[in-house]
Amino acid sequence: MVDIAIIDYGMGNLRSVYQALRTVAPTASIVVTDDPQEVDQAARVVFPGQGAMPDCIRELDMRGLRAAVLHAARTKPFLGICIGLQMLFEHSEEGDIPGLAILPGRVVRFTSNLRDAQNNKLKVPHMGWNQVQHGNHPLWEGIDQNARFYFVHSYYVCPQDAQFVQATSCYPQPFVCAVARDNLFAVQFHPEKSQGAGLMLLKNFVNWMPV
Amino acid sequence: MLAKRIIPCLDVTAGRVVKGVHFVELRDAGDPVEIARRYDEQGADELTFLDITASSDDRGILFRIIEQVAEQVFIPLTVGGGVRQVEDVRNLLNAGADKVSINTSAVLNPQLVADAARRYGSQCIVVAIDAKQIQPGRWEVFTHGGRKATGLGVVEWAKKMQALGAGEILLTSMDRDGSKIGYDLQLIRAVTDALEIPLIASGGAGTLQHLADGVKLGGADAVLAASIFHYGEYTIQQAKQYMAQQGIVVRL
């Protein structure tokens, strides 16, 4: 049986996700797959995403992977990354499209002409290392408050229900950068590119036993 | 708060890291995988690899370097040099690059930037611009490693690349490259103010103050440097501590 399936729907590069998981789980069997059956059979599922959300949703459906994602998100340790977080919600401003509606809420864009406290222009995409203020979910174990993670995104999630929020970051206003519900956890940043803190989060995911 | 990034740049040819002055006079700086690992340990925020010969023989070597680095280093990797078609972008991403930098080919075929951004997302498309001052307050885009003038104004060109889907601009002053007299702050300021997307300043960093100036005076979102790190003058950590003392937010 496969320990970890990384869902591949043709959007971008999954090699770094694979490499990072391989590093924290050297003996696990890890596959990068577009086969719904393989996703169904895996013990844990990682749902990454890059590029534009409308393309991601389209490619996911073209490969017949939607049902497998919905099933995994309900039943087993599931980690969404970047667009893999955004797609879990009901609607996105990007392309004005519906998402997978696993969690209630919307995805919205950073407004243009953002300024910091010193009146410096803030660029969009929000790109680089930002501090994360997190809750006490098992996936944060061993990770300092305000640890920095690598972000690159122009849209962010607005969950309807605050109880699912597991972390926020600021740009310049606070925005949600991690959510969790039961067996599901999802982050806006890229743990696979966030050096020590990122590898720690992935390691915690690999060892996570949701009740 | 979002940290300003420090990005060491590794110019690679025939499997070695080299560094030139004004784009010529190459000097050997060591093994790329070893250097990448060292910079990662010192706290580099990203790494940029530029294949400065981009001959077909060297291409295979570059792919193996990127593969090896991506297995060991978990920070964003940008790779550029010789990217001519969407397939080149795909191959570099598959080798382990997180972003691909496009320079000459963006001028020859701007549609490449649009196609690559559409296919793989703006987040992984960096447009590199080599700029040369032609009169006070005016800079022109050069291609082919700085040998060919294009007639394009740098600010207008950067805005066009943003409109076509570039996620970031890597701006190199050819007048300053390898000179160690500091970034062209006027150039950086002019371009960054015209953009919504992040700008990486490059060309001329010789002291830690130059790095700080690139951010504080130039308004860059990230600073790229090669020589000052390659030859052991400063570590990345020293650079970050220096910048932090100047009130710049960095990842320590």
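In order, the protein sequence lines correspond to chains A and B. According to our numbering, the residues represented by the first sequence are 1201 to 1411, in order. According to our numbering, the residues represented by the second sequence are 536 to 787, in order. All C-beta atoms in this analysis are idealised placements derived from N, C-alpha and C, irrespective of residue type, glycine included. Note that the structure is predicted; figures quoted are calculated from it, not measured.
Classify residue i: buried if its beta carbon has 16 or more other beta carbons within 10 angstroms, exposed otherwise.
| i | result |
| --- | --- |
| methionine 1262 of chain A | exposed |
| tyrosine 1218 of chain A | buried |
| glutamate 581 of chain B | buried |
| glycine 753 of chain B | buried |
| alanine 1317 of chain A | exposed |
| asparagine 1213 of chain A | buried |
| leucine 1339 of chain A | buried |
| alanine 789 of chain B | For chain B, the structure presents residues 536 to 787; residue 789 of chain B sits outside this window and is missing. |
| glycine 788 of chain B | With chain B covering only 536 through 787, there is no way to say anything about residue 788 of chain B. |
| lysine 683 of chain B | exposed |
| leucine 720 of chain B | buried |
| valine 1411 of chain A | exposed |
| alanine 1267 of chain A | exposed |
| glutamate 1293 of chain A | exposed |
| arginine 1309 of chain A | exposed |
Along chain B, which residues have their Cβ under 8 Å away from the Cβ of residue i?
| i | result |
| --- | --- |
| histidine 1326 of chain A | Leu537 |
| glutamine 1395 of chain A | Asp575, Phe609, Ile610 |
At a CB-CB cut-off below 7 Å, which residues of chain A make contact with residue i?
| i | result |
| --- | --- |
| glutamate 731 of chain B | Ser1312, Lys1323, Val1324 |
| glutamate 703 of chain B | Met1327 |
| glycine 631 of chain B | Arg1215, Ser1216 |
Which residue marks the beginning of the alpha helix (DSSP H) containing residue i, and which one marks its end?
| i | result |
| --- | --- |
| leucine 1221 of chain A | 1215–1224 |
| histidine 1275 of chain A | Checking the sequence, you will find threonine at residue 1275 of chain A rather than histidine. Residues 1266–1275. |
| aspartate 586 of chain B | Looking at the DSSP string, aspartate 586 of chain B is not in any alpha helix (DSSP H); the run it does join, the beta strand (DSSP E), is 582–586. |
| valine 642 of chain B | 639–643 |
| phenylalanine 764 of chain B | 762–765 |
| glutamine 1241 of chain A | 1236–1241 |
| threonine 1227 of chain A | Note, threonine 1227 of chain A: premise wrong, no alpha helix (DSSP H); not H, not E. |
| valine 1308 of chain A | Element bounds for valine 1308 of chain A: not the alpha helix (DSSP H) but the beta strand (DSSP E), 1305–1309. |
| threonine 613 of chain B | That residue, threonine 613 of chain B, is in no alpha helix (DSSP H); its beta strand (DSSP E) goes 612–615. |
| leucine 722 of chain B | 720–729 |
| leucine 492 of chain B | There is no way to answer for residue 492 of chain B, as the model of chain B reaches only from 536 to 787. |
Residue i lies in the beta strand (DSSP E); which residues open and close that run?
| i | result |
| --- | --- |
| lysine 539 of chain B | From DSSP, lysine 539 of chain B is part of no beta strand (DSSP E); its letter is neither H nor E. |
| lysine 1403 of chain A | Counting along the chain, lysine 1403 of chain A falls outside any beta strand (DSSP E), though it belongs to the alpha helix (DSSP H) covering 1395–1407. |
| tryptophan 692 of chain B | Looking at the DSSP string, tryptophan 692 of chain B is not in any beta strand (DSSP E); the run it does join, the alpha helix (DSSP H), is 689–699. |
| serine 1369 of chain A | 1365–1370 |
| glutamate 789 of chain B | Nothing about residue 789 of chain B can be read from this structure; chain B reaches only from 536 to 787. |
| valine 667 of chain B | According to the sequence as given, residue 667 of chain B is lysine; it is not valine. Start and end: 660–670. |
| glycine 1280 of chain A | 1278–1281 |
| methionine 1211 of chain A | Premise fails: methionine 1211 of chain A is in no beta strand (DSSP E) and is neither H nor E. |
| glutamine 744 of chain B | Counting along the chain, glutamine 744 of chain B falls outside any beta strand (DSSP E), though it belongs to the alpha helix (DSSP H) covering 743–751. |
| tyrosine 1350 of chain A | 1347–1353 |
| methionine 1327 of chain A | 1326–1334 |
| leucine 706 of chain B | 703–708 |
| proline 1374 of chain A | 1374–1381 |
| arginine 735 of chain B | Per the sequence shown, residue 735 of chain B should be read as isoleucine rather than arginine. Note, isoleucine 735 of chain B: beta strand (DSSP E), 734–737. |
What does residue i touch in chain B if you count any residue whose Cβ is under 7 Å from its own?
| i | result |
| --- | --- |
| tyrosine 1209 of chain A | The premise fails here: tyrosine 1209 of chain A is roughly 13 Å from chain B at the closest Cβ pair, so nothing lies under 7 Å. |
| valine 1352 of chain A | Gln658 |
By the criterion of Cβ-Cβ separation under 9 Å, what are the contact partners of residue i in chain B?
| i | result |
| --- | --- |
| asparagine 1346 of chain A | In chain order: nothing, as chain B lies at least about 10 Å away. |
| alanine 1252 of chain A | Arg653, Gly656, Ser657 |
| alanine 1220 of chain A | Phe609 |
| leucine 1399 of chain A | Phe609 |
Can you list the residues of chain A that residue i reaches, using a CB-CB cut of under 9 Å?
| i | result |
| --- | --- |
| arginine 540 of chain B | Met1327, Gly1328, Trp1329 |
Give the residues of chain A in contact with residue i, contact being defined as C-beta atoms less than 8 Å apart.
| i | result |
| --- | --- |
| arginine 786 of chain B | Trp1329, Arg1348 |
| aspartate 586 of chain B | The premise fails here: aspartate 586 of chain B is roughly 18 Å from chain A at the closest Cβ pair, so nothing lies under 8 Å. |
> Using 8 Å as the threshold, is the stretch 1220–1228 of chain A in touch with the stretch 1257–1271 of chain A, meaning 3 or more CB pairs across them?
Replying inline: Below 8 Å, too few C-beta pairs join the stretch 1220–1228 of chain A and the stretch 1257–1271 of chain A to call them touching: fewer than three.
> Quick one: any contact between the stretch 1310–1328 of chain A and the stretch 543–554 of chain B, if contact means 3 or more CB pairs under 8 Å?
Replying inline: The stretch 1310–1328 of chain A vs the stretch 543–554 of chain B: no contact.
>> Against chain B, which members of the stretch 1366–1392 of chain A pass a CB distance test of less than 7 Å?
In response: Taking a C-beta cut-off of 7 Å against chain B, the contacting residues of the stretch 1366–1392 of chain A are Cys1370, Tyr1371, Glu1392, listed in chain order.
> Quick one, which residues of the stretch 651–678 of chain B are near chain A if we go by CB-CB under 9 Å, in chain order?
Replying inline: With the criterion set as a beta carbon lying under 9 Å from some beta carbon of chain A, the members of the stretch 651–678 of chain B are Ala652, Arg653, Arg654, Tyr655, Gly656, Ser657, Gln658, Cys659, in sequence order.
> Is the stretch 1240–1255 of chain A touching the stretch 1281–1298 of chain A in the sense that three or more CB pairs, one from each, lie closer than 8 Å?
Replying inline: Taking 8 Å as the limit for Cβ pairs, the verdict is that the stretch 1240–1255 of chain A does touch the stretch 1281–1298 of chain A.
> Would you call the stretch 1391–1400 of chain A and the stretch 1298–1317 of chain A in contact, with 3 or more CB pairs under 8 Å?
Replying inline: Segments in contact, no.
> Using Cβ-Cβ distances below 8 Å, what residues of the stretch 594–611 of chain B are close to chain A?
Replying inline: Cβ contacts with chain A come from Ala605, Glu606, Phe609, Ile610, Pro611.
>> Under 9 Å, CB to CB, which of the residues in the stretch 727–759 of chain B have a partner in chain A?
In response: When CB distances to chain A are screened at a threshold of 9 Å, the residues of the stretch 727–759 of chain B falling below it are Thr727, Asp728, Leu730, Glu731, Ile732, Pro733, Leu734, Gly754, Asp756, Ala757, in chain order.
> Any residues in the stretch 615–627 of chain B with a beta carbon nearer than 8 Å to a beta carbon of chain A? Which ones, in chain order?
Replying inline: So the list is empty, because no residue satisfies the distance condition.
> Contact between the stretch 607–620 of chain B and the stretch 770–783 of chain B: three or more CB pairs below 8 Å?
Replying inline: At 8 Å Cβ cutoff, the stretches do not touch.
>> I'd like to know if the stretch 1357–1366 of chain A and the stretch 759–773 of chain B are in contact, where contact means that at least 3 CB-CB pairs between them fall below 8 Å.
In response: No, the stretch 1357–1366 of chain A is not in contact with the stretch 759–773 of chain B.
> Mind listing which residues of the stretch 569–585 of chain B have their C-beta closer than 9 Å to chain A's C-betas, in chain order?
Replying inline: Of all residues in the stretch 569–585 of chain B, Asp575, Gly578, Asp580, Glu581 have a Cβ within less than 9 Å of some Cβ in chain A.
> Contact between the stretch 694–709 of chain B and the stretch 724–739 of chain B: three or more CB pairs below 8 Å?
Replying inline: These segments touch.
> Should the stretch 1306–1317 of chain A be regarded as contacting the stretch 1370–1387 of chain A, the criterion being three or more beta carbon pairs within less than 8 Å?
Replying inline: In this structure the stretch 1306–1317 of chain A lies against the stretch 1370–1387 of chain A, because at least three pairs of beta carbons, one per stretch, are closer than 8 Å.
>> Does the contact criterion of 3 or more C-beta pairs under 8 Å hold for the stretch 617–634 of chain B versus the stretch 676–693 of chain B?
In response: No, the stretch 617–634 of chain B is not in contact with the stretch 676–693 of chain B.
> Contact between the stretch 637–645 of chain B and the stretch 567–582 of chain B: three or more CB pairs below 8 Å?
Replying inline: The stretch 637–645 of chain B, when compared against the stretch 567–582 of chain B, does not touch it at the 8 Å Cβ threshold.
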